[in-house]
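Engineer:
Chains as they are written, first to last, in the numbering used here: chain A, 1 to 165; chain B, 1001 to 1106.
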């Protein structure tokens, strides 16, 4: 990452919101495509060591993205994003829930508001995530946590098995 | 009723109490002195903070001293840090992808 580019992450517990600001060294057309095209999304959404796989996506108001985040051991965690508003190359909004593999949502969810703007060839993405409930807010990192800690858990289990011999 | 840490720290008074007793353990009366609040109102906040295990009452004679549970506070930070890390990693990956595409277009 170019260190001149902005990255700001802030949490507001009272409003149950998370705000993420990030600049990219690319024009708005390309950045917009990267956020709204399933083939491109799956190439960066991850995050490592996880990979994202979009099963269904129709980017239109009322449409949805149904995707899984897959951990290194093959465990899938499903997510459903409904597109509630789209202003091309300016803004889109989604309603997000965890889901099961059959696309049944787990309520409550969260609202995402994503704003895109370009200045001198740099594109800024401004994301606000508002959670419907405190409980949901607390669980926001679920699924990721599992992926990140998995490696360590496997090591723990291995050590336990070895020490019992 | 189930209490959670995030509910506890959502309240500005409770955050101020946490900041106050982070310095040293205090009695409810001493805490109340710092706020324009009744001892009763402070007790209510202390009850919630205790239920969330963010503070621990320590009985010394007839006085109760509340002290901060540092590990529990760290847990909160860890949670935010994890979520931040997710987005940081993800957006760095987008950086890489954008660079790859731009290179291919040249």
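Every residue gets a Cβ at the ideal spot worked out from N, C-alpha and C, and that includes glycine. Here the structure is a predicted model, which means the values were calculated and not measured.
Is the CB of residue 1058/B under 8 angstroms away from at least one CB in chain A?
Structural biologist: Answer no: the Cβ-Cβ gap between residue 1058/B and chain A never drops below 8 angstroms.
Engineer: When Cβ atoms are compared, which residues of the segment 1062 to 1087 of chain B fall closer than 7 angstroms to chain A?
Structural biologist: Those residues of the segment 1062 to 1087 of chain B that come within reach of chain A (Cβ to Cβ, closer than 7 angstroms) are 1079, 1080, 1082, 1083, 1084, 1086, 1087.
Engineer: To the nearest angstrom, how far is the alpha carbon of residue 1099/B from that of residue 107/A?
Structural biologist: Each residue's Cα considered, the two are about 37 angstroms apart.
Engineer: By the three-class DSSP mapping on this structure, what secondary structure does residue 55/A have?
Structural biologist: Note: residue 55/A maps to strand in three-state DSSP.
Engineer: I'd like the span of the alpha helix (DSSP H) that includes residue 1043/B, first residue to last.
Structural biologist: That run of the alpha helix (DSSP H) goes 1039 to 1051.
Engineer: Under a three-way DSSP split, which group does residue 128/A fall into?
Structural biologist: Three-state result, residue 128/A: strand.
Engineer: How close, in whole Å, do the beta carbons of residue 40/A and residue 1097/B come, if the pair is a contact with beta carbons under 8 angstroms?
Structural biologist: About 7 angstroms separates the two Cβ atoms, so the contact holds.
Engineer: Return the residue from the list 48/A, 102/A, 111/A that minimises the CA-CA distance to residue 84/A.
Structural biologist: Considering only alpha carbons, the answer is 111/A.
Engineer: Given a cut-off of 8 angstroms, decide if residue 86/A and residue 125/A are closer than it, judged by their beta-carbon atoms.
Structural biologist: Not in contact: residue 125/A and residue 86/A (Cβ atoms no closer than 8 angstroms).
Engineer: Just curious, the beta strand (DSSP E) that residue 1063/B is in, first and last residue?
Structural biologist: Segment 1063 to 1068, the beta strand (DSSP E) holding residue 1063/B.
Engineer: Using the DSSP secondary-structure output, state which residues sit across from residue 68/A in a beta bridge.
Structural biologist: Note: residue 68/A sits in a beta bridge opposite 53/A, 78/A.
Engineer: Should residue 1102/B be flagged as near chain A, meaning a C-beta pair shorter than 8 angstroms?
Structural biologist: Yes, its Cβ sits closer than 8 angstroms to a Cβ of chain A.
Engineer: For a cutoff of 8 angstroms on Cβ pairs, would you count residue 1013/B as touching chain A?
Structural biologist: No - not a single Cβ of chain A is within 8 angstroms of the one on residue 1013/B.
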